[in-house]
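**Q** Quick mapping for you: the protein sequence lines, in order, are chains A and B. Going by our numbering, 18 is the number at position 18 of the first sequence; the sequence numbering is gapless. Going by our numbering, 828 is the number at position 397 of the second sequence; the sequence numbering is gapless.
Protein chains: 2
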Amino acid sequence: MVPHLITALTGPINELEQRMLDSMPAIERWFRLEWMEHTPPFYSSVDIRNAGFKLAPVDTNLYPGGWNNLTPEMLPLAVQSAMAAIEKICPEAKNLLVIPENHTRNTFYLSNIVQLQRIFHMAGLNVRIGSINAEIKKPTRVDLPGGESVLLEPVIRSKRRLGLKDFDPCTILLNNDLSAGIPGILEDIHEQYLLPPLHASWSVRRKSNHFHSYEEIAKRFGKLLGIDPWLINPMYNQCGEVNFAEGVGGDCLKTNVDALLTKIRRKYKEYGINEKSFVVVKADNGTYGMGIMTVRDAKDLEALNRKTQNKMSVIKDGQTVSDVIIQEGVLTNERINDAVAEPVVYMMDRYVVGGFYRVHADRGVDENLNAPGASFVPLAFAESTHLPQPGVKPGASAPNRFYMYGVVARLAMVAASYELEATDPDAEVYD
Amino acid sequence: MVPHLITALTGPINELEQRMLDSMPAIERWFRLEWMEHTPPFYSSVDIRNAGFKLAPVDTNLYPGGWNNLTPEMLPLAVQSAMAAIEKICPEAKNLLVIPENHTRNTFYLSNIVQLQRIFHMAGLNVRIGSINAEIKKPTRVDLPGGESVLLEPVIRSKRRLGLKDFDPCTILLNNDLSAGIPGILEDIHEQYLLPPLHASWSVRRKSNHFHSYEEIAKRFGKLLGIDPWLINPMYNQCGEVNFAEGVGGDCLKTNVDALLTKIRRKYKEYGINEKSFVVVKADNGTYGMGIMTVRDAKDLEALNRKTQNKMSVIKDGQTVSDVIIQEGVLTNERINDAVAEPVVYMMDRYVVGGFYRVHADRGVDENLNAPGASFVPLAFAESTHLPQPGVKPGASAPNRFYMYGVVARLAMVAASYELEATDPDAEVYD
Chain A
1 MVPHLITALT GPINELEQRM LDSMPAIERW FRLEWMEHTP PFYSSVDIRN
51 AGFKLAPVDT NLYPGGWNNL TPEMLPLAVQ SAMAAIEKIC PEAKNLLVIP
101 ENHTRNTFYL SNIVQLQRIF HMAGLNVRIG SINAEIKKPT RVDLPGGESV
151 LLEPVIRSKR RLGLKDFDPC TILLNNDLSA GIPGILEDIH EQYLLPPLHA
201 SWSVRRKSNH FHSYEEIAKR FGKLLGIDPW LINPMYNQCG EVNFAEGVGG
251 DCLKTNVDAL LTKIRRKYKE YGINEKSFVV VKADNGTYGM GIMTVRDAKD
301 LEALNRKTQN KMSVIKDGQT VSDVIIQEGV LTNERINDAV AEPVVYMMDR
351 YVVGGFYRVH ADRGVDENLN APGASFVPLA FAESTHLPQP GVKPGASAPN
401 RFYMYGVVAR LAMVAASYEL EATDPDAEVY D
Chain B
432 MVPHLITALT GPINELEQRM LDSMPAIERW FRLEWMEHTP PFYSSVDIRN
482 AGFKLAPVDT NLYPGGWNNL TPEMLPLAVQ SAMAAIEKIC PEAKNLLVIP
532 ENHTRNTFYL SNIVQLQRIF HMAGLNVRIG SINAEIKKPT RVDLPGGESV
582 LLEPVIRSKR RLGLKDFDPC TILLNNDLSA GIPGILEDIH EQYLLPPLHA
632 SWSVRRKSNH FHSYEEIAKR FGKLLGIDPW LINPMYNQCG EVNFAEGVGG
682 DCLKTNVDAL LTKIRRKYKE YGINEKSFVV VKADNGTYGM GIMTVRDAKD
732 LEALNRKTQN KMSVIKDGQT VSDVIIQEGV LTNERINDAV AEPVVYMMDR
782 YVVGGFYRVH ADRGVDENLN APGASFVPLA FAESTHLPQP GVKPGASAPN
832 RFYMYGVVAR LAMVAASYEL EATDPDAEVY D
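Written out as structure tokens, the structure is:
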């Protein structure tokens, strides 16, 4: 089970929801057995798109920001999950060092850091914030809207350990996805727990690995539920190297976009769906909603203007895009006050702790919402009358809808766990 | 950390509260280390008395009823804890059998059973209710106020397993404290998990064992915090066999009551407390608030009237009292609308999931509140502005107060864990 939140959508009957509710004990048992064999990511968030006819994760973040967008009601769940996570990794822990992103002037982001600090403090740890930003040369207090403040301190690296002045942590929690590459200061730390592991960072991670794992998970889960895995799986293709600025790899891209659009159309036909198919081209190592492009027809790729080419060429921290992933576009049919919305589900250890809607008034149902101008609508806890009632008409109960979101988000979390195992450079191989 | 609830008390400054808040990381780490070595009870509730100058658990229940008194907001925490508990014991579980108390007409109690069923269903189990009441010969649906209903089914015992018709559980959860003795139908079950273990039932358990363990825990915890353990520990004495109806053991009782009253007076003098000391005489194996008597002076014992003698002689399920425990009386200085109140904290696995106030308008500050006429005031979740703020003046923040309650309740839970280890008939002894 997941916390039952109010979702904005109380839309049409959804057979998938009913199937998931009916299978709740089987589903939860399936997850329990997965976690016996695999380690969940320390924390994660998953962007979900609900097209009405299918429901799929489109991005899984292993360095989730935005914890400040969760409601206060969700805090106790987050704290309880944090206790479980810490207990498992380092029960003797006293001190936790959080390493944030380097942007020291983004007060929204820093509010997220304050929230993480609060959660782990309430879980019973001394928490301090260690910046790896070269500009932070001495302890720097940043005031935040609402009267809070955060103290950023420069990290100090000794031969074997990372810490702060007079602060030696047992565990180091990265909230920095290291898009710009793994800095030397974080390498060769063997005496402390560094979480998530460095190969989860965007300097190593590839979306294609994640969705490869997810596809396998979706197939197995589809078998468990007796459903077509496509209902929860966004199909994808891959291209080798593509250089948008120089027009390299364009043919491969066009061929693959065309092939995927054809596959989607076939599926739409099979299910009698009258929607225009589209794909989303994404940087394979991209994050922060950067390097993302909606393509409705392979011909569109011929006419890419300079602006789009540039947009696709450079992602977070100035990294250039080379590999891309072409993903089935999943419409979002959720709305908040007429603005297009997509749910984002937050997890700590194996537990769903909450979520919110990402809302963008200026974007279409087939566009990326993670872009400047997006706002966040926290999902409030359900009232008692909204507790999931297995007898309730599918689609008519918001908490039941959210249960389904929590299941799909956790499937993506299982996929991330497999992905990290497969890409672990220190994995022991038994061949 | 525990869920931060609104408590009714925002009383005077309390040094103990400040000490606990300041020591939060040390306290949480202490609990984490305890749970590495010891197994928490599956679920528990603890009655707490707050005298203003001391705070102590006075009863630890290992078969907690009253789950229906928790607010809907607490459900997600309870479910998450239930998931953790099940995961640990029997991750492959599909089916859970709950065995309730035998009173089939107490709809308040049965609402508690419905709530437990709901919690474990949401944790992903098929949950059914198996009665060991001989009157339940066939599946019997009982309607409850509020439109809910509960289906009580007769348990079926095979040579090795306990179940229902067409229902074979992996785990059997007792919500029946077996005061009347362990029925044969529950004996020799080795293939299924029977929780809590039979030696936790009141047919075996003794309050004196629990408070002996608690005293040790309080001493160690007192050392951790640098406080006098008396501030969190109710002192106690024991008497051998006492027969109130026949006047046997009266001298021993008087001597021990007198000795304990003297010890309390000495402590009151040490701390400059101007309150009248009292003790509470309790059946060592009693529960349900039965077999409990407040004594302010050993002389009072000479003049016990017939009614009190009878009240003390027989407890739940008609069991006679033989052994008694004499416990330091702890005033409760909490009030809700002028009625005397005491907090009750609920835990599942190692987690505090919520609580409520037991309120009794007709009882004094030195009396047992667990008696007919008591009502329950759920502790609502704290508002965001009430989240614990280490800087807040002690005693002025209700959530900070509740953190302290959660710590003391968990100390009692650790004590219960030690108690169950010490009394485990199947324990392996390494001598």
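A virtual CB, placed ideally from N, CA and C, is assigned to each residue, including glycine. Note that the structure is predicted; figures quoted are calculated from it, not measured.
In its own chain, which residues sit with a C-beta less than 7 Å from the C-beta of A/Asp-177, not counting the 5 before and 5 after it?
**A** The residues are Tyr-63, Ser-201, Trp-202, Thr-287.
**Q** Would you list the residues sitting across from A/Met-347 in a DSSP beta bridge?
**A** Looking at the DSSP assignment, A/Met-347 forms a beta bridge with A/Ser-44, A/Val-352.
**Q** Helix, strand or coil: how does DSSP classify B/Ser-639 here?
**A** Reduced to three states, the DSSP call for B/Ser-639 is helix.
**Q** Is there a Cβ of chain A sitting closer than 8 Å to that of B/Arg-460, yes or no?
**A** Answer yes: the Cβ-Cβ gap between B/Arg-460 and chain A drops below 8 Å somewhere.
**Q** Looking only at DSSP bridge pairs, what is B/Arg-588 linked to?
**A** Note: B/Arg-588 sits in a beta bridge opposite B/Leu-593.
**Q** Go ahead and label A/Met-293 buried or exposed: buried means 16 or more other beta carbons lie within 10 angstroms of its beta carbon, across all protein chains shown.
**A** A/Met-293 comes out buried.
**Q** In chain order, what residues of the same chain have a beta carbon less than 6 Å from the beta carbon of B/Val-673, not counting five sequence neighbours either side?
**A** Counting only Cβ-Cβ distances below 6 Å, and skipping sequence neighbours, we find Gly-680, Leu-684, Val-755.
**Q** If we ignore side chains and look at the alpha-carbon of each, how far apart do A/Val-407 and B/Tyr-540 end up?
**A** Cα to Cα, A/Val-407 sits roughly 33 Å from B/Tyr-540.
**Q** Please identify, using Cβ separations under 7 Å, the residues of the segment 348 to 370 of chain A that lie next to chain B, in order along the chain.
**A** Hits within the stretch, in order: Tyr-351.
**Q** Assuming A/Pro-169 contacts A/Phe-42 (C-beta within less than 8 Å), just tell me the rounded distance between them.
**A** At roughly 14 Å, the Cβ-Cβ gap does not stay under 8 Å, so A/Pro-169 and A/Phe-42 are not in contact.
**Q** For the pair the segment 504 to 513 of chain B and the segment 557 to 570 of chain B, tell me if three or more CB-CB distances fall below 8 Å.
**A** Not touching, per the Cβ criterion.
**Q** Leaving out the 5 sequence neighbours to the left and right, which residues in its chain are closer than 7 Å to B/Ala-649 when beta-carbon positions are compared?
**A** For B/Ala-649, where only same-chain residues beyond five positions count, the Cβ hits under 7 Å are Pro-660, Ile-663, Asn-664, Leu-842.
**Q** Checking 8 Å against the spacing of the C-beta atoms, do B/Tyr-777 and B/Ser-542 come in under that value?
**A** Going by C-beta atoms, B/Tyr-777 is not nearer than 8 Å to B/Ser-542.
**Q** For the segment 73 to 85 of chain A, list every residue whose C-beta sits within 8 Å of some C-beta in chain B, in sequence order.
**A** Hits within the stretch, in order: Glu-73, Leu-75, Pro-76, Leu-77, Val-79, Gln-80, Ser-81, Met-83, Ala-84.
**Q** Let me know the secondary structure DSSP gives A/Gly-52 once reduced to three states.
**A** In the structure shown, A/Gly-52 sits in coil (DSSP, three-state: anything other than H, G, I, E or B).
**Q** How many Å lie between B/Leu-762 and B/Ala-805 at the Cα?
**A** Taking the straight line from one Cα to the other gives about 17 Å.
**Q** Start and end of the beta strand (DSSP E) containing B/Val-712?
**A** Its beta strand (DSSP E) spans residues 710 to 714.
**Q** Taking buried to mean at least 16 other C-beta atoms within 10 Å of its own C-beta, is A/His-103 buried or exposed?
**A** Exposed.
**Q** With a CB to CB cut of under 6 Å and the five nearest residues on each side skipped, what residues in its chain are close to A/Asn-256?
**A** Same-chain partners within the cutoff: Asn-237, Cys-239, Ile-326.
**Q** Assign B/Thr-602 to one of two classes, buried (16 or more other C-beta atoms within 10 Å of its C-beta) or exposed (fewer than that).
**A** Buried, since its Cβ has 16 or more Cβ neighbours within 10 Å.
**Q** Would you mind telling me which residues of chain A sit closer than 7 Å to B/Leu-464, beta carbon to beta carbon, in chain order?
**A** Chain A residues near B/Leu-464: Pro-91, Glu-92.
**Q** How many angstroms separate the CA atom of B/Trp-498 from the CA atom of B/Pro-488?
**A** Approximately 19 Å between the Cα atoms of the pair.
**Q** If you count every other CB in all the chains shown that lies within 10 Å of the CB of B/Asn-481, and 16 or more means buried, which is it?
**A** Buried, because 16 or more other Cβ atoms sit within 10 Å of the Cβ of B/Asn-481.
**Q** Can you pull the chain A residues whose beta carbon is under 8 Å from the beta carbon of B/Met-666, in chain order?
**A** Residues of chain A passing the Cβ test: none, with the nearest at roughly 29 Å.
**Q** I'd like the ranges of any beta strand (DSSP E) spanning at least 3 consecutive residues and lying wholly in the segment 192 to 255 of chain A.
**A** Complete beta strand (DSSP E) runs here, min 3: 193 to 195, 236 to 241.
**Q** Please confirm if B/Gly-680 has its CB atom under 8 Å from at least one CB of chain A.
**A** No, its Cβ sits nowhere closer than 8 Å to a Cβ of chain A.
**Q** Using a cut-off of 9 Å between C-beta atoms, extract the partners of B/Glu-518 located in chain A.
**A** Those within 9 Å of B/Glu-518 in chain A are Arg-32, Trp-35, Met-36, Arg-350.
**Q** Take the Cβ of B/Ser-580 as the centre, count every other Cβ of all protein chains shown within 10 Å, and call the residue buried at 16 or more, exposed below.
**A** Result: exposed.
**Q** Taking the DSSP output, what are the residues bridged to B/Ile-563?
**A** The partner list for B/Ile-563 (beta bridge, DSSP) is empty, contrary to what the question assumes.
**Q** Since B/Leu-556 meets chain A, which of its residues come closer than 7 Å, beta carbon to beta carbon?
**A** Pro-25, listed in chain order.
**Q** Just to check my reading of the structure: A/Val-340 and A/Val-365 have Cβ atoms closer than 8 Å, yes? What is that Cβ distance to the nearest angstrom?
**A** Right, the Cβ-Cβ distance comes to about 6 Å (below 8 Å), so this counts as a contact.
**Q** Three-state secondary structure (DSSP) at A/Ala-382?
**A** Here the model assigns A/Ala-382 a pLDDT of 39, short of 50, so the residue's position is not dependable, and the following value carries that caveat. Note: A/Ala-382 maps to coil in three-state DSSP.
**Q** Would you call the CB atoms of A/Ile-136 and A/Pro-154 closer than 8 Å?
**A** In contact: A/Ile-136 and A/Pro-154 (Cβ atoms closer than 8 Å).
**Q** Short check: CB of B/Lys-713 to CB of B/Lys-596, under 8 Å?
**A** Contact: no.
**Q** Should the segment 694 to 712 of chain B be regarded as contacting the segment 512 to 526 of chain B, the criterion being three or more beta carbon pairs within less than 8 Å?
**A** Contact fails: fewer than three Cβ-Cβ distances are below 8 Å.
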